[in-house]
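**Student:** Each protein sequence line maps, in turn, to chains S and A. Just so we're aligned: 29 in the numbering used here is position 29 of the first sequence, and the numbers increase by one with no gaps anywhere. One gets the numbering used here by counting positions in the second sequence from 1 and adding 1000 to each.
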Amino acid sequence: KAGVTQTPRYLIKTRGQQVTLSCSPISGHRSVSWYQQTPGQGLQFLFEYFSETQRNKGNFPGRFSGRQFSNSRSEMNVSTLELGDSALYLCASSTGTGLTQETQYFGPGTRLLVL
Amino acid sequence: AQSVSQHNHHVILSEAASLELGCNYSYGGTVNLFWYVQYPGQHLQLLLKYFSGDPLVKGIKGFEAEFIKSKFSFNLRKPSVQWSDTAEYFCAVNRLTGGGNKLTFGTGTQLKVEL
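Shown next as C-alpha cells:
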C-alpha cells in the first residue's frame, strides 16, 4: 500500500502571500490530520478532517484552514503568511472509524519557507 | 491544558548500551499512547502504540514501552542500541474525548548512538 503523500515537498513564499498544501491519505483511510513542526514549538496539531468535516481543531489562528474532498484527499491553506509560519507541515492519515483505537501514519511533509 | 513531557532532550550512548527514554503526560482519563521515530532525512514512523490491555507493548526494531497508569508514564526502552537507532524520538498522546485524532507530542529526544 502506498503511504501518505504530500505535495509540494518544498515551497518558498513571501510574507502576505497565501499557500495551499495537499495531502493524499493511505488508500481506505478517511481521516486526515495536519500538524506543524518547528524547532521552537515542536509538533503541534492543526486540525483533523473526517468524511469532509472538521472533527478536531488545534489552537491556531483562522489564517490556517483546511478542507477534505470526497476521495479523502485534503488540502490545507494558510493565508496572509507570516515569517513564523515557516515550518514543516505534516499530514497524517488513519482509518477514522476506530474512535478509540486510531493509529496515524505520517507523510514526508511539506517544508514551507516564508521570506 | 494537556501536556506531554519528555525529560531527556539529548541522549548520547555507545552501541550495545541500554536505552530508556522517559515520557509523562499530565491528565487523567482514557488515552492512547504512541512513540514515533524520525530518522535523519526521513518522515515520522510509528515505533509502537498502547491502546489497552497488557501495559508492556513491543514495537519494531526491538523497542518496547511500559504504560504505568499510576505514574502517567509511557517510557520507551531498548536493551541494546545500534548505531542505526540514531534518530529523534517523540512520545505522543491521543486524549479520547469526543473521538478522533488530536495527538499531543512531547518535545522529542535526540538520540545519538556512537560506534
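Even for Gly, the Cβ is constructed at its ideal location relative to N, Cα and C.
Which of helix, strand or coil does DSSP assign to A:Lys-1069?
**Tutor:** Three-state DSSP puts A:Lys-1069 in a helix.
**Student:** Measure the beta-carbon distance from S:Val-78 to S:Thr-14 and round it to whole angstroms, keeping in mind my assumption that it falls under 8 Å.
**Tutor:** No, S:Val-78 and S:Thr-14 are not in contact; Cβ-Cβ is about 13 Å, not under 8 Å.
**Student:** Need the endpoints of the beta strand (DSSP E) that S:Val-4 sits in, please.
**Tutor:** Note, S:Val-4: premise wrong, no beta strand (DSSP E); not H, not E.
**Student:** Just how far apart, CA to CA, sit S:Tyr-100 and A:Thr-1086?
**Tutor:** According to the sequence shown, residue 100 of chain S is Thr rather than Tyr. Going by the C-alpha atoms only, they are around 32 Å apart.
**Student:** Between A:Thr-1109 and A:Gln-1006, is the Cβ-Cβ spacing less than 8 Å?
**Tutor:** Closer than 8 Å, so yes.
**Student:** With DSSP collapsed to three states, give me the class of A:Ser-1084.
**Tutor:** Helix at A:Ser-1084.
**Student:** Verify whether the separation of the beta carbon atoms of S:Ser-31 and A:Gly-1100 is less than 8 Å.
**Tutor:** Taking 8 Å as the Cβ cut-off, S:Ser-31 and A:Gly-1100 qualify as a contacting pair.
**Student:** Could you name the residues of the same chain whose beta carbon sits closer than 6 Å to that of A:Val-1037, not counting the 5 residues immediately before and after it, in chain order?
**Tutor:** So the list reads Gln-1045, Leu-1047, Ala-1087, Tyr-1089, once near-sequence residues are dropped.
**Student:** Kindly indicate which residue of A:Phe-1034, A:Leu-1019, A:Ser-1014, A:Val-1004 has the alpha-carbon position closest to the one of A:Val-1113.
**Tutor:** It is A:Ser-1014 whose Cα lies nearest to the Cα of A:Val-1113.
**Student:** So which residues on chain S does A:Phe-1090 lean against when the C-beta distance must stay under 7 Å?
**Tutor:** Those within 7 Å of A:Phe-1090 in chain S are Leu-43.
**Student:** Please compile the residues from chain S whose C-beta is within a distance smaller than 9 Å of the C-beta of A:Leu-1046.
**Tutor:** Those are Thr-103, Gln-104, Tyr-105, Phe-106, listed as they occur along chain S.
**Student:** Residues in the same chain with beta-carbon distance under 6 Å from S:Asn-95, minus the five sequence neighbours each way, listed in chain order, please.
**Tutor:** Looking at the sequence itself, residue 95 of chain S is Thr, so the reference to Asn does not match. The residues are His-29.
**Student:** Less than 8 Å between CB atoms is the rule here; does S:Arg-55 satisfy it with respect to chain A?
**Tutor:** It does: the Cβ of S:Arg-55 has a partner Cβ on chain A nearer than 8 Å.
**Student:** Which class does A:Ile-1012 belong to by DSSP, given the choice of helix, strand or coil?
**Tutor:** Looking at A:Ile-1012 - three-state DSSP - the assignment turns out to be strand.
**Student:** Which residue from S:Asn-59, S:Leu-112, S:Gln-54, S:Phe-47 puts its Cα closest to that of S:Glu-82?
**Tutor:** Of the listed residues, the one whose Cα sits closest to S:Glu-82 is S:Leu-112.
**Student:** On the CB-based measure, 16 or more other CB atoms within 10 Å of its CB, does A:Tyr-1016 come out buried or exposed?
**Tutor:** It is Ala, not Tyr, that sits at residue 1016 of chain A in the sequence shown. It is exposed - the Cβ of A:Ala-1016 has fewer than 16 other Cβ atoms within 10 Å.
**Student:** As an exercise, report each continuous beta strand (DSSP E) stretch of at least 3 residues that is fully enclosed by the region 24 to 50 of chain S, in chain order.
**Tutor:** Counting only runs of 3 or more, we get 31 to 38, 42 to 50.
**Student:** Return the chain-ordered list of same chain residues with a C-beta closer than 6 Å to the C-beta of A:Val-1057, the five sequence neighbours on each side being excluded.
**Tutor:** Leu-1048, Tyr-1050, Ala-1065, listed in sequence order.
**Student:** Going along the region 74 to 91 of chain S in order, which residues come within less than 8 Å of chain A, judged by CB to CB distance?
**Tutor:** If the cut-off is 8 Å between Cβ atoms, the region 74 to 91 of chain S has Leu-90 near chain A.
**Student:** For a contact defined as C-beta to C-beta under 9 Å, what are the partners of S:Ser-33 on chain A?
**Tutor:** Correct list: Gly-1100, Asn-1101, Lys-1102, Leu-1103.
**Student:** Can you tell me which of the three DSSP states A:Lys-1102 falls into?
**Tutor:** Coil at A:Lys-1102, not helix or strand.
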